[in-house]
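In what follows, a single structure is set out as structure tokens and then discussed.
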């Protein structure tokens, strides 16, 4: 915030000297810039301190890499906890703090994201994509996909493969 303020002060000084001819317009712009900076400063001061209790950076990298590599099969919380040397209940709380959601929800979201990537990059049937992403079947993919994307996988795929002019 301090750096932003000093940069803005320099910019304001330059604007003030450059716009001597349109003094009223320049003063109004500077007044608005000062208000924005004050709002930024107040917002930064109001932010709570980061909450401790999450996973360490090396644990976050290890867990997310492992999840991405193992999406095609079942992933249990016990495996993830053992991977980063924590007990299961502590791991669940720390994961939620670090990722903002429980491990199961994160895994499902990553599976849906992988499915989206496969839908755009291959012509594979949705049933094959579902299996490649670790889901039971196409019905399972469709149910979860609707929850996360708001539409069916088929409609989502069609809308993105065809350009807006073709629809």
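Numbering (the numbering used here), first residue to last: 207 to 373.
All C-beta atoms in this analysis are idealised placements derived from N, C-alpha and C, irrespective of residue type, glycine included.
These numbers come from a predicted model, not from an experiment.
Leaving out five residues on either side along the sequence, give the residues of the same chain with a beta carbon under 7 Å from the beta carbon of residue i.
i, result
"residue 270", "none"
"residue 344", "332, 333 and 336"
"residue 346", "336"
Assign residue i to one of two classes, buried (16 or more other C-beta atoms within 10 Å of its C-beta) or exposed (fewer than that).
i, result
"residue 210", "exposed"
"residue 376", "It is not possible to answer for residue 376, since the shown part of the chain is limited to 207 through 373."
"residue 326", "exposed"
"residue 359", "buried"
"residue 367", "exposed"
"residue 365", "exposed"
"residue 275", "exposed"
"residue 317", "buried"
"residue 288", "exposed"
"residue 262", "exposed"
"residue 238", "exposed"
"residue 363", "buried"
"residue 300", "buried"
Give me, in chain order, the residues of the same chain whose beta-carbon lies closer than 6 Å to that of residue i; leave out the 5 immediate sequence neighbours on both sides.
i, result
"residue 302", "308"
"residue 266", "304"
Secondary structure at residue i, three-state DSSP: helix, strand or coil?
i, result
"residue 210", "helix"
"residue 215", "helix"
"residue 240", "helix"
"residue 336", "helix"
"residue 304", "helix"
"residue 290", "coil"
"residue 277", "coil"
"residue 357", "coil"
Suppose the cutoff is 8 Å on Cβ atoms and the five residues either side in sequence are ignored; what does the same chain contact list for residue i look like?
i, result
"residue 339", "277, 278, 317, 318, 320, 321, 324 and 347"
"residue 350", "314, 317, 318 and 341"
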